[in-house]
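As structure tokens, the structure follows; a few thoughts come after it.
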Amino acid sequence: MKRLKSLLIATVLFLGASQTINAQAKTAHVDVNEIISKMPAMLDAQKQLEKLSATYDAEYKTMAEEYTNKMKKYEQEANTVGDAVNQTRQAEMQDLVKRITDYRDNAQKELQKKESDLVKPLMDKIKASIQKVGKAKGYQYVLNVADLLLADGPDLTADIKKDLGF
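For the sequence shown, the residue numbers in mature numbering (1 follows the signal peptide of the UniProt record, and there is no 0) are -23 to -1, 1 to 143.
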């Protein structure tokens, strides 16, 4: 009985101590969106993506104009040519629509891949900086302000920017 009482007292003391330790955990927050939006490397990445997107848009527009011009021409000549020619032209137009659709889909996939290739290293760099600054300042937790309902504590955003060099 005395052992059980000692064990119970030890358990209560342990639980009380662990709650005290947990209550003292230091937490800060950071605005990752602000950091990434003002990061010089991200601005360069956005310019690259805009340039690539403009290239794809120009090619897509050219293909769409080709489709429109051929469609007008074929519609004007539809009554003056035979059924065989009209069927060939219809197949050609369907093929052109498929090429345009495939081009658009591939362009979107390539843009997404390029964006991922450009942004992932930047996010990794930001994460490493957050860990470095957070540990240096003695924080156990650093949360992204975008995920918080209340951010009424230390803000490390400026420190992270400084660590990243901007």
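A virtual CB, placed ideally from N, CA and C, is assigned to each residue, including glycine.
Here the structure is a predicted model, which means the values were calculated and not measured.
The alpha-carbon separation between K109 and E27 amounts to approximately 32 Å. With respect to D8, N121 sits close: the two C-beta atoms are nearer than 9 Å. Its chain contains Y37 as the residues whose beta carbon lies nearer than 7 Å to that of R81, once the 5 sequence neighbours on both sides are disregarded; these appear in chain order. Under DSSP, L120 forms a beta bridge with H6. In this structure, Y116 and K15 do not form a Cβ contact; the two beta carbons are roughly 22 Å apart against a cut-off of 8 Å. Across the set L133, L88, Q53 and N63, the C-alpha of L88 shows the shortest separation from the C-alpha of S30. Relative to the Cα of P131, the nearest Cα in the group V119, A35 and D124 belongs to V119.
Distance from the Cα of I12 is smallest, within the candidate group A123, A128, L127 and D129, for A123.
With 16 or more other Cβ atoms inside 10 Å of its own Cβ, K138 counts as buried. Shown here, D132 sits in a strand according to DSSP, grouped into three states.
Cβ-Cβ distances below 7 Å link D101 to nothing in the same chain once the five nearest sequence neighbours on each side are left out. Just so you know, the alpha carbons of E69 and N10 end up roughly 47 Å apart. With a contact defined as Cβ atoms closer than 8 Å, L133 and A5 qualify at about 5 Å.
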